[in-house]
Amino acid sequence: MNRLGLLALQILVGLAGFAIWHVLTVYPILGAPKQIQFFFSTPVDVLARTWAEITGPEIWGHLWITLQETVLAFVFGAAGGIAFGFLFARNRLLAAVFDPYIKAANALPRVVLAPIFALWFGLGIWSKVALGFTLVFFIVFFNIFQGVREVSPVVLDNARMLGMNERGLLRHVYWPSALTWMFSSLHTAVGFALVGAVVGEYLGSSAGLGYKIHEAESVFDVTGVFSGMLILTVFVLVIDTLVTLIENRLLVWRPQAGSART
Amino acid sequence: MSRQGLGQHDSAADAVRLEAVAIAFALKGGRRYVAVEGIDLAVEPGEFVAVVGPTGSGKSTLLNAAAGLLRPADGRVTVFGTPLQGLNGRAGYLFQADALMPWKTALDNIAVALEPQGVRRAEALSRARDWLARVGLANFSDRYPHMLSGGQRKRVALAQMLIRDPEILLMDEPFGPLDAQTRQIMGNLLLDLWAADRKAVIFVTHDLEEAIALSDRVIVLSAGPAARIVGCYPVPLARPRDTSEIRLDPQFHALYQQIWTCLRVEVSRAYADGPA
Chain A
1 MNRLGLLALQ ILVGLAGFAI WHVLTVYPIL GAPKQIQFFF STPVDVLART WAEITGPEIW
61 GHLWITLQET VLAFVFGAAG GIAFGFLFAR NRLLAAVFDP YIKAANALPR VVLAPIFALW
121 FGLGIWSKVA LGFTLVFFIV FFNIFQGVRE VSPVVLDNAR MLGMNERGLL RHVYWPSALT
181 WMFSSLHTAV GFALVGAVVG EYLGSSAGLG YKIHEAESVF DVTGVFSGML ILTVFVLVID
241 TLVTLIENRL LVWRPQAGSA RT
Chain B
1 MSRQGLGQHD SAADAVRLEA VAIAFALKGG RRYVAVEGID LAVEPGEFVA VVGPTGSGKS
61 TLLNAAAGLL RPADGRVTVF GTPLQGLNGR AGYLFQADAL MPWKTALDNI AVALEPQGVR
121 RAEALSRARD WLARVGLANF SDRYPHMLSG GQRKRVALAQ MLIRDPEILL MDEPFGPLDA
181 QTRQIMGNLL LDLWAADRKA VIFVTHDLEE AIALSDRVIV LSAGPAARIV GCYPVPLARP
241 RDTSEIRLDP QFHALYQQIW TCLRVEVSRA YADGPA
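As you go down the protein sequences, you meet chains A and B in turn. Here UniProt numbering is used: the first residue of the first sequence is 1, the next is one more, and so on. Here UniProt numbering is used: the first residue of the second sequence is 1, the next is one more, and so on.
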């Protein structure tokens, strides 16, 4: 299957989905269209609303808030995860002592923390950053921990035989190896930072995409909910593409799947 | 037979000297596996010693003891007359498995070897470029290890080891994973580089032909556990040698027969005790 053909099929699936949605909500097949539309809206309405939103000034403010929360949660979570991941991987006693507590903290569904964070940090962006942090931290932490622990012993022995001291090993062996592991989870980590932001907004805030969706929902504005979801989806795809670009730039040394050896 | 590996001269002059070395590993359940025992081996500066033996005879273990990566359970390791403590800083090590840093280019992998010596980055890079050319990879400086073939990776590893100018070279079946032609080419490359400023070499291999073609002396290890040195054969073949042509030399043949007679006993013992 060539690329154009595949693209055509992909677009076809999307159009078919919209067509079914449209037919079922506009024509009286499942019941009175007015009633059906209350629950499912119509694709034309959703697209029109989305267009109105993105051409209006208000949505960009909400997007900016959500983006800020996501980026801050990711940066703080990743920094904390990297620091503690290294510390625990290089110190076996510390890792052993804290092991049950880390497992327990990670087992807790983080959503239940959202109200507490709202209480502690207020309804502004910081309660959302905190929620995203608890999600991102553990993903990065476990990956860095694993990355440092699973450095190839041969590469390590070789570096030591080249005369590297602990600092040299950290810089040339442990750090790049841990980064590989971190980047392999980068998509997940960024995704969770966004989940933290949106869930936090949804549960209590005065701005952001999650707030926007929640607001629409509370007045039974189904069109607004779907439109918010559509904007959120596009937002996530854009961020994910950016992450892929960064990843490809930083992991240029890694063999690509299917690339031929010379 | 027991002191065959030791020369008959002043011990301080030896590059590496193993005396009555035994190496043991702890097994599950508190038992101990003795890999090698009673090893006496001395390598003079400028001497190329090959160690052969059946699989599981502790060849690599011996090398790791000389490198300081393993601490002997018994006996003494001295380097130029000084007892070895920690890692052997005067030795370079060429591993059997890929040991290059996969996240560094060929050039960076070689240049980074100079960093512990405090060489400035710009100078390290220019010296690394020279070495890359000496191992025949001048045009491959920006390649990452996964973009190189097995033989090319070994060339980079060889340059990485030699750029530090170590006085002792320890090699653990370095050309083991390569195909037959590449092995001979790598053998010749190694001999060329070594001939420039003869270092003391311990070269571990399971390939007797390779051992004879490269070395001044072939040491035969017995089958493990508790492997010992059971033979020591000087190789009086003239240098410089071509590793593929020398195999046709009648003297090579005679030597091969002689050492193989010793080695085959150990190989069949190793298999009788349970093949690896």
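Glycine included, each C-beta is placed from N, C-alpha and C at the ideal position. The structure displayed is predicted, hence computed values, not measured ones.
The beta carbon of Q257/B sits no closer than 8 Å to any beta carbon of chain A.
Non-local C-beta neighbours of R90/A in its own chain, meaning closer than 7 Å and more than five positions away in sequence, comprise V148, ordered along the chain. Against chain B, a Cβ distance below 7 Å from R160/A picks out L87. At a cut-off of 8 Å between C-beta atoms, Q251/B does not count as an interface residue with respect to chain A. Residue pairing by DSSP places P83/B opposite T78/B in a beta bridge. About 5 Å separates the Cβ atoms of P72/B and I23/B, confirming a contact at the 8 Å cut-off.
Cβ atoms of R164/B and G92/B come within 8 Å of each other, at about 6 Å. Residues of chain A whose Cβ lies closer than 9 Å to the Cβ of V112/B are, in chain order, A159, L162, M164, G168 and H172.
Residues of chain A whose Cβ lies closer than 9 Å to the Cβ of G92/B are, in chain order, M161 and L162. Interface flag for V154/A against chain B is set, since a Cβ pair is found closer than 8 Å. Setting aside the 5 residues that flank it on each side, L255/B is surrounded in the same chain by I212, each with a C-beta closer than 6 Å to its C-beta; the list follows chain order.
As a beta-bridge residue in DSSP terms, E19/B pairs with R76/B. Neighbours of R164/B in chain A, taken as residues whose beta carbon is under 9 Å from its own, are L162 and G163 in chain order. Look at W103/B: its C-beta is under 8 Å from a C-beta on chain A. Using a Cβ distance threshold of 8 Å, L135/A and G196/A count as a contacting pair.
Within chain B, the residues H146 have their CB atoms less than 7 Å from the CB of P255/A, given in chain order.
In the DSSP assignment, A65/B falls within the alpha helix (DSSP H) that extends over K59 to A67. Setting aside the 5 residues that flank it on each side, V173/A is surrounded in the same chain by V151, V155, L156 and A159, each with a C-beta closer than 7 Å to its C-beta; the list follows chain order.
Taking A196/B as reference, the option from P240/B, R247/B and P236/B with the minimal CA-CA separation is P240/B.
Of all alpha-carbon atoms in I202/B, M147/B, R31/B and R121/B, the one lying nearest the alpha-carbon of N64/B is that of I202/B. Within the same chain, Cβ atoms closer than 8 Å to the Cβ of Y144/B are found at P102, W103, K104, T105 and A106, the five residues on either side in sequence being excluded. Shown here, A226/B sits in coil according to DSSP, grouped into three states, outside any helix or strand. Distance check between A270/B and each of L41/B, G56/B and R17/B places G56/B closest, using alpha-carbon atoms only. Any Cβ of chain A closer than 8 Å to the Cβ of E173/B would place that residue at the interface, and such an atom is absent. Relative to L170/B, the option among V218/B, A67/B and V21/B whose CA is nearest is A67/B. In this structure the stretch 74–94 of chain B lies against the stretch 166–180 of chain B, because at least three pairs of beta carbons, one per stretch, are closer than 8 Å. Between the C-alpha atoms of M161/A and T61/B there is a straight-line separation of about 16 Å. Beta-bridge partners of A200/B (DSSP): I168/B. About 13 Å separates the CB atoms of F140/B and K154/B; that is not less than 8 Å, and the two are not in contact. In the DSSP assignment, the residues bridged to F25/B are Y33/B.
For G92/B, the enclosing beta strand (DSSP E) begins and ends at A91 to L94. Within its own chain, the residues whose Cβ lies closer than 6 Å to the Cβ of W181/A, once the five positions on either side in sequence are excluded, are N143, Q146 and G147, listed in chain order. Only buried fits F74/A, as 16 or more other CB atoms lie within 10 angstroms of its CB.
Residues of the stretch 108–137 of chain B with a Cβ closer than 8 Å to any Cβ of chain A, in chain order: V112, A113, E115, P116 and Q117.
By the rule that beta-carbons nearer than 8 Å mark a contact, P176/A touches chain B.
Close to A67/B, with beta-carbon spacing below 8 Å, are these residues of chain A in chain order: M161.
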